[in-house]
Amino acid sequence: MTEATAGRKIGKERISYRMLKNRLFKWGIIVVSGITILPIVLIFGELLLKGYRQINLNFFTEVTPNTLEAMTAMANNEVIPGGIVNGITGTLLIVGMASVIAIPFGILVGLFLFENQGKRYAAGFIRNLSDILQGVPSIVLGLIAYLWVVKNVTSGYSALAGSVALAIMMLPLIVRSTEETMKMIPETLKEAGLALGAPYYKVILRVMIPTGFSGLLTGILLGISRILGETAPLMLTTLGNPMINWDPSGPTSAVPLLVWDFYNDPNMVDLVWSSSLFLMGFVLTLNLISRRIAAKQNNN
Amino acid sequence: MTMNPNIDSIDHPVLAIENLSIAYGKGETKAVKDVSAGIKKEAITAIMGPSGCGKSTLLRAINRMHELYADIVTEGQIFLNDINIMEMSTIQLRRKIGMVFQRPNPFPTMSIYDNVIAGYKLNGIGLKKNERDQIVEQSLRNVSLWDEVKDALYKKGTFLSGGQQQRLCIARSLAFQPEVILLDEPTSALDPIATSRVEDLLVELKEKYTIVLVTHNMTQAARISDYSMFMYLGDLVEYGSTKMMFTNPRDTKTEEYLTGKFG
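Chains A and B supply the protein sequences, listed in that same order.
Heads up: the first sequence at position 285 corresponds to 285 in the numbering used here, and the numbers run straight through without jumps.
Heads up: the second sequence at position 236 corresponds to 1236 in the numbering used here, and the numbers run straight through without jumps.
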C-alpha cells in the first residue's frame, strides 16, 4: 500500500465518522427544540380540548353564573350558562388605568435615563432601582397597593388599587424599552431638530417619539401582556365582582381572578379552561402584534 | 506661536470669532485654542485640518450646538452682525444660522414636504397653505431638487438617494432664509457624483448665503472655497484666501498638510 492510498483510506473513514457526528448533532438540535416547544403546544391543546365547549357568544356577553346554575347545568350535562364579561370588562378597566399611569411615567423616566447616559449619578441610581423594581414579587406590590390605596384612598377594594399595583409592575419595562429605543435613534436626528432652532421638548415630541414610535409601542404591548395575567396583586386589591363594574373605586373582577374563582368551585370547573384559553389567547395575540411591530422596525 | 490671521483682513465680516477657546470639561485640553477670525459674507470659507484638530468643535460653536455636550467650557466671543451670539437665545440664533450634518438626516417619519417645512413646524410657526407651498418649492428649487421630487412631495424623505437626501437637508436649513449655513463634512458619506452636485450647489448658494464648510477633503476646499482655515491641535494655524493658501502657504505646518506629509 502506498502512502497516498493509505491517506485516502484514512480520509474516507474520517469523513464518514464526521458525517455521522454531524447528523447526530443536527438531530439532537431538532429533538431538543421539539421538546422545548412541546409544553406550549400541549398547553394550548389541553385548553382548546377542555375549553372550546364553553366558548360561545354568551361567554363574551354575560356575567358569571352562580354556583347553583352551574351545578344544574353540569348535572344535565349541558354547557354552563353565563360568561365572563364582568372579568373582561374588569381587566380592560384595570389594565387600562394601569397603562394610563405607567406609560407617561415610564416614557418620561426612560427619556431622562437616555439623556443622561453615564453622566449623572442620579440616572444610574434610577436605572438600578427600576431594574430592582422589576424583581419585586407581584404579591408584595399587591400588599403595598392595599396599604396605600385600599386603606387610604378608596377605603375599600377597588379597581384603582389594582391598577396602581399593576402600573408599578409595568413601569420598569416601559422605562427600559424607552431608553433602548431612544438609544437606537441616530444622535444627528436630534441635533438636526435642535439646529433648526426648535425647543428641546418639540424635538422630543415631534421628532424623537414619532421616530421611535414602533419601539415604544412594542415596549408598551409587552408591558401590558406582562400584567394581563397577574392574579396575586388583584386578590389583595380589586377583590372580584360578580357584576360588571366600571367604577374605579369599586370592587372589580378580572379574568385571572375568575380563573381562580372557578378553580375553587367544583361546579364551575369547566369555565376554568375556557377563561384560561381566553386569557392565553389575549396575551399571545398582544405578543405576536408586538413582535410584528418590532420586526417591521428592524427592517426599516 | 499661533499666527493670528487678523480679522481686519476681512471687511465687514458676517461672523467675527474673537479669542474663542473651547474645552470639553474644566481643566481638559482645549479643543479650540484662542481662535480669532472673521468670516466673509456671501463666500465659502472652508475649515480644514486633520482629525481631532477642533474644526468641528469650532463650527458647532457658531450655532452653539457644542453646548449640547455637558461640562463644555467656552471662552471668548462670536459676533453675528455685531451681536454677541452668547446673548441671543439659541432658538433665534439657530434660525439665522442653519446647519447640515455629515450624514444625510432627513426626519424619517416626515414626508419630503414636511421635512422642508420642519423648521416652521417644530417652532410652532403657523403658515397659510400657499405660504408653505411657496417656501417648500423655493427651498427645493434652491437646492435643484424640485424637478426630481415635485411629484413625490408627500413620500418619505428617506426613500431618496443619499445625495438627494443631503440636498433635502440643505433645503431644510434654507427654509428659514438663514444668513449663514454651516456644513460639517457634508459630502463625506456621498459618492463622487452626488458630491460634485452638492459642491456645485454650494457654489450657487454662496451668492445669497454665507457658507462655512468643514472638510477633511483638501481638494474639495481647493475646488469650491474662497477662504480657507487650517487648524491643527486646536490652533488656527493659517487663514487666508484659498488661492494663496494652496499656492503659497505661509506656515510650514500648512504646507506639510497640503502636500500630504501628515493628516
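All C-beta atoms, glycine included, are put in the ideal place defined by N, C-alpha and C.
- Against chain B, the CB of A:Thr218 has no partner CB under 7 angstroms away; the residue lies outside that interface.
- Among the residues of chain A, those whose CB is under 7 angstroms from the CB of B:Ile1091 are Gly197, Pro199, following chain order.
- Nearest C-alpha to A:Asp247 among A:Tyr157, A:Trp27, A:Leu42: A:Tyr157.
- Neighbours of B:Asn1123 across chain A, judged by C-beta separation under 9 angstroms: Leu196, Gly197, Ala198, Pro199, Lys202.
- Per DSSP, B:Glu1204 is one residue of the alpha helix (DSSP H) stretching across 1192 to 1205.
- In its chain, beyond the 5 residues on either side, Asp1071, Ile1072, Val1073 have a beta carbon closer than 8 angstroms to the beta carbon of B:Gly1025.
- Contact check between the stretch 1158 to 1178 of chain B and the stretch 1089 to 1107 of chain B: three or more CB pairs, one atom from each, fall below 8 angstroms, which counts as touching.
- The beta carbon of B:Lys1253 is closer than 6 angstroms to those of Tyr1232, Val1237 in its chain, skipping five residues each way along the sequence.
- For A:Thr64, the secondary structure class from DSSP, reduced to helix, strand or coil, is coil.
- Counting only unbroken stretches of 3 or more residues, the beta strand (DSSP E) elements lying wholly within the stretch 1094 to 1155 of chain B are 1097 to 1100, in sequence order.
- Within its own chain, the residues whose Cβ lies closer than 7 angstroms to the Cβ of B:Gly1076, once the five positions on either side in sequence are excluded, are Glu1018, Asn1019, Leu1020, Ser1021, listed in chain order.
- Runs of alpha helix (DSSP H) with 4 or more residues, each lying fully within the stretch 118 to 147 of chain A, are found at 121 to 134, 138 to 145, listed in chain order.
- Under the DSSP assignment, A:Ser163 falls in the alpha helix (DSSP H) whose first and last residues are 159 to 184.
- Taking one beta carbon from each stretch, the stretch 1026 to 1033 of chain B and the stretch 1056 to 1067 of chain B have 3 or more pairs nearer than 8 angstroms; the two touch.
- Closest in C-alpha terms to B:Leu1258, from the list B:Phe1230, B:Ser1241, B:Glu1137, comes B:Phe1230.
- Taking the Cα positions, B:Leu1059 is about 27 angstroms away from B:Ile1125.
- Contact annotation, A:Leu257 with A:Gly87: C-beta distance approximately 7 angstroms; criterion of less than 8 angstroms satisfied.
- Restricted to the stretch 1209 to 1245 of chain B, the alpha helix (DSSP H) segments that are unbroken, complete and at least 4 residues in length are 1218 to 1224, listed in chain order.
- Its Cα nearest to that of B:Arg1103, the residue B:Cys1169 stands out among B:Asp1235, B:Cys1169, B:Ala1023, B:Phe1262.
- By alpha-carbon distance to A:Trp273, the top candidate from A:Gly34, A:Gly28, A:Arg53, A:Val41 is A:Arg53.
- Straight through space, the alpha carbons of B:Ile1117 and A:Thr89 are spaced by roughly 45 angstroms.
- Separation of the CB atoms of B:Ile1224 and B:Leu1183 is rounded to 11 angstroms, and the pair is thereby denied contact status at 8 angstroms.
- Beyond the five residues adjoining it in sequence on each side, B:Asp1226 comes within less than 8 angstroms, by CB distance, of Lys1040, Ala1043, Ile1044, Thr1045, Lys1206, Ser1241, Thr1242 in the same chain, given in chain order.
- The C-beta of B:Leu1190 has 16 or more other C-beta atoms within 10 Å across all chains shown, which makes the residue buried.
- Assignment of A:Ser16 by DSSP, reduced to helix, strand and coil, places it in the helix class.
- Using a Cβ distance threshold of 7 angstroms, A:Val175 and A:Gly106 count as a contacting pair.
- Residue range 1162 to 1174 is occupied by the alpha helix (DSSP H) that includes B:Gln1164, with no beta strand (DSSP E) assigned at that position.
- By the Cβ criterion, the stretch 40 to 47 of chain A is not in contact with the stretch 56 to 75 of chain A, since fewer than three pairs of Cβ atoms, one from each stretch, lie closer than 8 angstroms.
- Ranked by Cα distance from A:Leu160, the first of A:Ala102, A:Val136, A:Leu194, A:Met182 is A:Ala102.
- Taking 8 angstroms as the upper bound on Cβ-Cβ separation, chain B lies near residues Pro186, Thr188, Leu189, Glu191, Ala192, Gly193, Leu194, Ala195, Leu196 of the stretch 168 to 196 of chain A.
- Fewer than three pairs of CB atoms, one per stretch, sit closer than 8 angstroms, so the stretch 186 to 196 of chain A makes no contact with the stretch 284 to 294 of chain A.
- In this structure, B:Gly1038 keeps its C-beta atom at 7 angstroms or more from the C-beta atom of B:Ala1061.
- Using a CB distance cut-off of 7 angstroms, A:Arg127 does not count as an interface residue toward chain B.
- If you look at B:Leu1183, you'll find it in the beta strand (DSSP E) that goes 1180 to 1184.
- By the rule that beta-carbons nearer than 7 angstroms mark a contact, B:Pro1186 does not touch chain A.
- Neighbourhood of A:Val207 in chain B, by CB distance below 7 angstroms: Phe1107, in chain order.
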